[in-house]
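Engineer: Per numbering that gives the first Met the number 0, residue 0 is the first one in the sequence shown, and the count goes up by one each step. Think of the CB as a built atom: it goes at the ideal place given N, C-alpha and C, for glycine as much as any other residue.
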Amino acid sequence: MNVKDLMKSAEENTTPFYYYDMELLDSTLNKLKDAADKYKYNVHYALKANTNGRVLDLISSYGFGADCVSGNEINKAVAHGFCPGQIAFAGVGKTDKEIEVGLGNDIFCFNCESVQEIEVINEIASREKKIADIALRINPNVDANTHKYITTGRTENKFGILVTEIAAVVKLIESCKNINLIGLHFHIGSQVTDLIAYRDLCLRVNEIQNWFDKQSMGLRHINVGGGLGIDYDNPDVNPVADFESFFSIFNTYLKLRNGQELHFELGRSIVGVIGNLISKVLYIKEGASKSFAILDAGMTELIRPALYNSKHKIENVSKHANSSNTFYDVVGPICESSDCFGAEINLPATARGDIIAIRCAGAYGEVMASNYNLREKPLAVYSRNSN
Ligand code: LLP
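(1) I'd like the list of long-range same chain contacts for Ala34, defined as Cβ closer than 6 Å, with 5 residues on each side in sequence excluded.
(2) Per DSSP, Ser290 forms a beta bridge with which residues?
(3) Report the option in Thr13, Val91, Lys176 whose CA atom is closest to the CA atom of Asn138.
(4) Give the straight-line distance between the Cα atoms of Ile333 and Met6, rounded to the nearest whole angstrom.
(5) Out of curiosity, what's the CA-to-CA distance linking Ala292 and Gly188?
(6) Suppose contacts are defined by Cβ-Cβ distances below 9 Å. Is Val316 in contact with Asp20 by that definition?
(7) Among the candidates Leu202, Ile165, Leu255, whose CA atom is the shortest distance from the CA of Gln214?
(8) Given a threshold of 16 other Cβ atoms within 10 Å of its Cβ, counted over all protein chains shown, does Asn121 qualify as buried or as exposed?
(9) Between Thr325 and Tyr371, how many whole angstroms is the CB-CB distance? I'm expecting something under 8 Å.
(10) Closest by CA to Gly224, which one among Val280, Lys47, Asn345?
(11) So, do the region 157 to 171 and the region 100 to 117 have three or more beta carbon pairs nearer to each other than 8 Å?
(12) Evaluate the contact criterion for the region 183 to 203 versus the region 245 to 264: three or more CB pairs, one atom per stretch, below 8 Å.
(13) Give every residue of the same chain whose Cβ lies closer than 7 Å to the Cβ of Pro83, excluding the five residues on either side of it in the sequence, and list them in chain order.
(14) If we count the other Cβ atoms within 10 Å of its Cβ and call it buried at 16 or more, is Thr14 buried or exposed?
(15) Can you give me the C-alpha to C-alpha distance between Ile172 and Glu99, rounded to a whole angstrom?
(16) Over what stretch of residues does the beta strand (DSSP E) that includes Pro347 continue unbroken?
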């Protein structure tokens, strides 16, 4: 993060705003591309992490596909340069209208999560005289060792079809004339930092593929979802996720069949570190036993700490390192006790008007902002004027 540029943008723009480091996005995308190309892996960017137009334009310019979870995301992906033939459409609750959007755009694949969904897609596709390519999302019952709200691959989660259901679902698909089964889809969770979980996933996928082999059913692709975590504590030391190690696990443990493609859906690891929420200190308030730094940004701009108790590095970018340090509870202005970015944060002596950067807010930050309390959505500011 270039503090000088950041301070300049804080002088020129009304806080709070999201500040995107487009140079870092470029270098992340370059490293991702090199690492994926090495194994000829296909990467779909998970739009749910960040749908900022400038960010999308840059990602699509590298030729990556998209992973969408709504009809609006499909439309936005196409408008920002993603090729419809590289769009996967996931989600447990696709509406009829959204299915029509997917079919109308001739997307790569619907990732299907229930029997009823497959029946409905078949019905709509037959009405529209289309064949829908689908992948079955299978719940692999693998523990991702991450926050329970973002764990998705256990049988108690709502996601995917159970392994025990596969035979019956495949039988159903055979009777669906407008459905073409082309792949299997998995996703174990998000902010996964213990890569062993992916080895477990690979071993599970191998077992499941054995079943398909026995039925002599060839599948064009395997999609192992996303979830690769970032270093929230040390973004300056590790600004780019370790794509190399991530892909090499799949290369080592996953047994792809002849000609089979491997697909990924990565969100956070592409955009997480590039975004910072920039805010101004409104007031310093001395409580009974602690000091509060009250910011002009709150859970309305970045809900992750309030929702998942997630920790984002907090920095006072107005201050020099040699000023004396104090502990603050760094809070927002919203009337909710959970509106707190961090308790007992060690910062240089902080005053009204100081600029605070909340780091690694590029993924699930701007997209999850709300108008609660009738607040305005934050602006986006970029480290350079054009892509
Ligand atoms: N594929 C599927 C099927 C997913 O459900 C997700 C994320 C992804 C890919 C992308 O995962 P990523 O690479 O970004 O971890 N709002 C939460 C995260 C929710 C993740 C939802 N699914 C947060 O702020 O931590």
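Structural biologist: In this structure, then:
(1) Phe242, Glu243, Phe246
(2) Glu285, Tyr327
(3) Val91
(4) 25 Å
(5) 33 Å
(6) no
(7) Ile165
(8) buried
(9) In fact, because the Cβ distance is near 30 Å, the residues do not count as touching under 8 Å.
(10) Lys47
(11) yes
(12) yes
(13) Val77, Asn104, Asp105, Ile106
(14) buried
(15) 19 Å
(16) 339 to 347
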